[in-house]
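To start, the structure itself, in structure tokens.
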Amino acid sequence: MFTLFFLVSAALASPCKRSTCSFPVNGTSLDFFDPKFVLGQGLTWSDASRQLSDRMIEIEIDDRSIFSPSPGNVQTGFRRAELLPKMNPVNGTVYMGFEIQRDLSKDLDSQRHEYQLVWLETADYSTNQFVLKVNKGSLELYGNLSKGGPLLKTVDFTAGWHKWAIELDFDLNVLRVSYNDEPRVSYANDLTGGGQYHFGILKKGSEPEHDPHNGTQETGIHEGLVYRDILLSQCLS
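Just so we're on the same page, the numbering used here is the position in the sequence shown counted from 1, plus 2.
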């Protein structure tokens with residue numbers, strides 16, 4: 003039913019060279035993702051997404067997109083809507099593919115706000131092992147934030163599709179990254195800590211931008227981002 007993300011074979015070489023490979027995510031169907039997270043309090047995915055085809059989904063945020071993981075932790079400084087895979091492979095080698103495109107009719111406000119789009123968060127919620135952000139009109143891929151978050155790659159977030167293929171080698175603590183049709187580049191990067199993959203929109207506030215409880219957010223927003231061909235494939239020796 004779902005189309006495989008073609009960069010797996012083109013940019014990452016065959017994921018099936020190892021003996022056991024599984025595909026916990028292969029498309030944009032909500033069946034692959036947790037139905038409850040990450041959403042504004044009282045919202046469902048029918049409020050925060052539009053399924054455009056079996057390959058494409060648009061994630062949307064508005065004033066209601068205030069995540070509240072507990073009554074004492076209401077994140078009024080952020081606006082969030084994120085797909086969390088039901089299965090999270092964090093060992094062996096994981097092949098990740100996805101494409102993103104701006105929706106110019108409800109564009110992200112990246113000149114005033116920083117956004118996280120795709121990342122792996124440690125099991126203790128203390129850091130991200132890698133994160134793709136958009137800030138000041140640029141897509142920025144960072145390594146492990148607890149190690150200083152080195153900037154690995156930056157490109158202009160222009161209209162049109164932006165294709166990413168990321169190989170996470172948990173045995174060697176290495177990221178191998180390909181963007182569009184560019185050659186793959188390897189980076190040493192600490193991938194320890196287990197955790198959860200996120201695909202979506204996390205809009206940080208301003209003044210202070212990284213504070214989930216006190217950051218400033220404008221009202222009356224309606225913003226969206228289109229995802230296509232999300233893939234997670236885990237291969238074990």
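Here a beta-carbon is modelled for each residue, glycine too, at the ideal position from N, C-alpha and C.
I'd like to confirm the pairing. Which residues does DSSP put opposite residue i in its beta bridges?
i           : result
residue 108 : None; residue 108 has no bridge partner.
residue 171 : 95, 176
residue 166 : 100, 181
residue 28  : 233
Do residue j and residue i have their beta-carbon atoms positioned less than 9 Å apart in this structure?
i           : j           : result
residue 192 : residue 151 : no
residue 133 : residue 84  : no
residue 99  : residue 155 : no
residue 197 : residue 90  : yes
residue 112 : residue 159 : yes
residue 228 : residue 122 : no
Between the Cα of residue i and the Cα atoms of the options, which residue gives the shortest distance?
i           : options          : result
residue 28  : 87, 53, 162      : 87
residue 213 : 233, 75, 26      : 75
residue 50  : 57, 202, 181     : 202
residue 220 : 42, 57, 65       : 65
residue 45  : 62, 143, 56, 200 : 62
Quick one: give me the first and last residue of the beta strand (DSSP E) that residue i is part of.
i           : result
residue 83  : 81-85
residue 231 : 224-238
residue 33  : Element bounds for residue 33: n/a, residue is neither H nor E.
residue 190 : 187-190
residue 78  : Run containing residue 78: none; DSSP gives neither H nor E here.
residue 58  : 58-64
residue 203 : 198-205
residue 137 : 130-137
residue 123 : 117-123
residue 158 : 153-158
residue 220 : Premise fails: residue 220 is in no beta strand (DSSP E) and is neither H nor E.
residue 127 : Where residue 127 is concerned, there is no enclosing beta strand (DSSP E), given that its DSSP letter is neither H nor E.
residue 141 : 140-144
How far does the alpha helix (DSSP H) with residue i in it extend, from its first residue to its last?
i          : result
residue 48 : 47-50
Is residue i near the ligand ATP, judged by its Cβ being under 8 Å from some heavy atom?
i          : result
residue 91 : Only the bare structure without any ligand can be found here, which leaves the ligand ATP out of the picture.
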